[in-house]
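All remarks here apply to the structure that follows.
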Ligand code: XMP
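In my numbering, the protein residues as written are 3 to 510.
Shown next as structure tokens:
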């Protein structure tokens, strides 16, 4: 049994960070919606964190705290809104503050406690709140204060219940990681057993128990997630596993060949590669609407896949590279669908295969670590994220073979230059987008009337938010020169300087 910390999701933009920090500290953590907390299944839970959130406890319909939770005797840490909720629920007084406290704030610890044990007694923390706990509930004492917040930290005198008004999960908070570490080790007394070898061991047992002598297939895209799924299942099941690679013709230049070579030749997997380029291109002919393109590709992908599956009479299971972030993004009540991601939940109901999602508790960086441990080359494991619908959503307007060539070739130049200038480690994702816009240019003595190409490069941690990368002008200049010289059909290159939000990373 693995010790677990449950993070109740009250809607803070930092809630996933809390989970990640705790996992990085070696304890398995998961995000749960407060109304979905399962009181029957608490054996493995060593502690509960109540996340922050955008509400005031006095808002109509503000999420509440079930008092039963405080009676379980499981250690609890309320962060920001979570702390206010504890205070409010137990009869303390939360008040609105005229001055919102936002950003770095100096606090001073004035009472010994487990959370700040051995740390400096005064340090900077990241605050982001309007309300604050004015009067502590009965049984609680204040542990720290800032100039505007008298109760920046609180604890119950006899129960393992703590509250912090600041965000310990945000890097700017000095001692933030230590405070979370002290909570999980000193208060929750959780065992730090969350490691990748442990994960592999656990999954091996789980999957072997489930599959027995059945056969598992998976759709391999060559991206990090499906590659790691394939490597993991190959490791666990060997001949009982077959990855199927549907080449829709919308991958980056030479990528389809690379995927085939790596998995067939290096990993010696029973790889099946289906060349479906023409099918996809025919269906996409004349289609410009982004969501329609995504739907066509998603549906056709499944069709091709189903046809292949029919050849596997004995296949009973289908493995998918769904990540924890996909589960959170499509599953929690607080998340909104911005774009329909094609690798999540798109399988037809009548497909008689049982779904296995071995990575659905992992974050991307954990998946990468797992891939390396399983022997995947760094080139695959550290591959940039790539959307399921591929280059079709990087070609604004209708998709043609010639336009695919233009994005593939320009993307290759961009990748080469980013790498040769040593920027590939610091930029999270970079690619080109072909617009249907045409502008006038001049080449030699001739007038040209060709496409505008967009360079998109962003820094990000998880793709949820992003900032445009500050690529030096000289590098941008070189990329622009090379693209306009080497890629026929493009005579103008522009750089996208939009963050996410308000923009998304992809253009469609
Ligand atoms: P956006 O454009 O929503 O992208 O800011 C966030 C991240 O998700 C990737 N992305 C997708 N990945 N299927 C995927 O597997 C999709 O349909 C899809 N759409 C966007 C995008 O490349 C970025 O990394």
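Cβ coordinates follow ideal geometry from the N, Cα and C atoms, glycine included.
Tell me, to the nearest whole angstrom, how far the beta carbon of residue i is from that of residue j; I am working on the premise that it is less than 8 angstroms.
i: residue 30; j: residue 5; result: 7 angstroms
i: residue 430; j: residue 381; result: No, residue 430 and residue 381 are not in contact; Cβ-Cβ is about 17 angstroms, not under 8 angstroms.
i: residue 507; j: residue 446; result: Wrong, their Cβ atoms sit about 36 angstroms apart, outside the cutoff.
i: residue 373; j: residue 230; result: 4 angstroms
i: residue 190; j: residue 77; result: 5 angstroms
i: residue 24; j: residue 182; result: 6 angstroms
i: residue 96; j: residue 90; result: 5 angstroms
i: residue 117; j: residue 164; result: 6 angstroms
i: residue 101; j: residue 150; result: 6 angstroms
i: residue 510; j: residue 395; result: 4 angstroms
What residue range is occupied by the uninterrupted beta strand (DSSP E) comprising residue i?
i: residue 112; result: No beta strand (DSSP E) holds residue 112; DSSP gives it neither H nor E.
i: residue 131; result: 124 to 137
i: residue 459; result: 448 to 461
i: residue 10; result: 6 to 10
How is residue i classed by DSSP in three states: helix, strand or coil?
i: residue 1; result: Only positions 3 to 510 of the chain appear in the structure, and residue 1 is not among them; the question remains open.
i: residue 157; result: strand
i: residue 423; result: coil
i: residue 437; result: strand
i: residue 35; result: coil
i: residue 98; result: strand
i: residue 284; result: helix
i: residue 432; result: strand
i: residue 494; result: strand
i: residue 143; result: strand
i: residue 348; result: The predicted position of residue 348 is uncertain, since its pLDDT is 49 and thus under 50; a value taken from the coordinates is nonetheless stated next. Three-state result, residue 348: coil.
i: residue 324; result: coil
i: residue 335; result: Its pLDDT being 44, under 50, residue 335 is placed unreliably by the model, and nothing is read from it.
i: residue 25; result: helix
i: residue 443; result: strand
i: residue 105; result: strand
i: residue 88; result: helix
i: residue 342; result: Reliability fails at residue 342, whose pLDDT of 48 lies under 50, so the model's placement of it is uncertain and no value is given.
Considering just the uninterrupted stretch of the alpha helix (DSSP H) at residue i, what are its terminal residues?
i: residue 513; result: The shown model of the chain, from 3 to 510, leaves out residue 513, and the question about it has no answer.
i: residue 258; result: 257 to 262
Decide yes or no for the touch test of the stretch 105 to 114 against the stretch 195 to 205: beta carbon pairs closer than 8 angstroms, at least 3 of them.
no
Which parts of the stretch 43 to 82 are runs of the beta strand (DSSP E), unbroken and 3 residues or longer, counting only runs that do not cross its ends?
47 to 52 and 78 to 81
Contact between the stretch 164 to 179 and the stretch 18 to 25: three or more CB pairs below 8 angstroms?
Touching, yes, given that three or more Cβ pairs across the two stretches are closer than 8 angstroms.
Could I get the ranges of all uninterrupted alpha helix (DSSP H) runs contained in the stretch 164 to 252, with 4 residues as the minimum, in chain order?
DSSP runs (the alpha helix (DSSP H)) wholly in the stretch 164 to 252: 178 to 184, 198 to 213 and 226 to 239.
For the stretch 234 to 252 and the stretch 278 to 291, state whether three or more C-beta atom pairs, one from each stretch, are separated by less than 8 angstroms.
In short, these stretches touch, since the Cβ pair count reaches three.
Which whole runs of the beta strand (DSSP E) in the stretch 355 to 421 are 3 residues long or more, in chain order?
356 to 358
With a cut-off of 8 angstroms, do at least 3 Cβ pairs link the stretch 199 to 209 to the stretch 131 to 151?
The stretch 199 to 209 vs the stretch 131 to 151: no contact.
What ranges does the alpha helix (DSSP H) occupy inside the stretch 264 to 319, keeping only unbroken runs of at least 4 residues that lie completely in it?
279 to 286 and 292 to 312
Check whether the stretch 421 to 430 and the stretch 391 to 401 are in contact - that is, three or more C-beta pairs closer than 8 angstroms.
no
Taking contact to mean at least 3 C-beta pairs separated by less than 8 angstroms, is the stretch 319 to 333 in contact with the stretch 227 to 243?
yes
Using 8 angstroms as the cut-off, can you tell me whether the stretch 45 to 53 makes contact with the stretch 81 to 99, which would need three or more C-beta pairs spanning the two stretches below that distance?
yes
Would you check if there are 3 or more beta carbon pairs closer than 8 angstroms linking the stretch 488 to 508 to the stretch 453 to 468?
Cβ pair count under 8 angstroms is three or more, so yes.
Below 8 angstroms, can you find three or more Cβ-Cβ pairs linking the stretch 67 to 78 to the stretch 34 to 50?
At 8 angstroms Cβ cutoff, the stretches touch.
Meets three-Cβ-pair contact criterion under 8 angstroms: the stretch 258 to 268 and the stretch 356 to 368
They do not touch, by the three-pair rule.
If contact is defined by three or more beta carbon pairs under 8 angstroms, each pair taking one atom from either stretch, is the stretch 407 to 415 in contact with the stretch 476 to 492?
yes
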